Amino acid sequence: MSDSQPEFFKKMEQDGRTYEMYFWENPQAARLWLLEKTVDKPLYYITIKTDQGVWGIDKDGLYLANLLPWQVNLSLAKHTGQTTGFPAKTSLLSAVNNIADNFIVHVQCGNPECGFIWQDGVRYQNKTVVRCPECKEYSLIDSSNIRVV
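Take the sequence shown: its letters are residues 2 to 150, numbered as in this note's numbering.
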């Protein structure tokens, strides 16, 4: 598998939806690659299975299909990170309405020697563990400051 491109797995249609499916071990590279794609058709999804979950993009933007079990194991976190910027509206509304178990937002690594910022999935109004793509440390992200009214 190439470090610069995902490995194509298959394209399939199911229940009116079209999926382009790929594999790529590196979740950060997968997210960045997906963000270069433009999806303008409804019910069209480009997904990449990584070692940190299934990432995808559709007409509404980047998404994480589901959080992984380790992301709710708060004892893994060595640092306290934070959210930065504003979450994607559609992603946030999916989490608020329990359509998804997470929403996408920029997070900052809590490791004082790192501070890397990337996009990741976090739980709405809850704590989530994320793994920094730069230093590989686990940080606790608390999204209780993000509210939809």
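Where is the CB? At the ideal position from N, CA and C, for every residue including glycine.
Values in this document were obtained by computation on a predicted structure and should not be read as measured data.
Could you tell me the boundaries of the alpha helix (DSSP H) in which residue i lies?
| i | result |
| --- | --- |
| L94 | 90 to 97 |
| L33 | 28 to 36 |
Given that a residue counts as buried once 16 or more other Cβ atoms are within 10 Å of its Cβ, and exposed if not, what is residue i?
| i | result |
| --- | --- |
| F9 | exposed |
| P70 | exposed |
| T51 | buried |
For residue i, which three-state DSSP category applies?
| i | result |
| --- | --- |
| Q109 | strand |
| V40 | coil |
Go to residue i, then tell me how far its beta strand (DSSP E) extends in each direction, as first and last residue.
| i | result |
| --- | --- |
| S140 | 139 to 143 |
| E14 | 8 to 15 |
| R132 | 128 to 132 |
| G122 | 118 to 123 |
| E21 | 18 to 24 |
Quick one: measure Cβ to Cβ for residue i and residue j, integer angstroms, because I've assumed they're closer than 8 Å.
| i | j | result |
| --- | --- | --- |
| L63 | Q120 | 6 Å |
| T84 | I47 | Actually they do not touch by this definition, with Cβ atoms about 25 Å apart. |
| F24 | I49 | 7 Å |
| Y139 | K79 | 6 Å |
| Q109 | G82 | 5 Å |
Which residue or residues does DSSP assign as beta-bridge partners of residue i?
| i | result |
| --- | --- |
| L65 | W56 |
| F87 | Paired residues: none, contrary to the question. |
| I49 | Y23, W56 |
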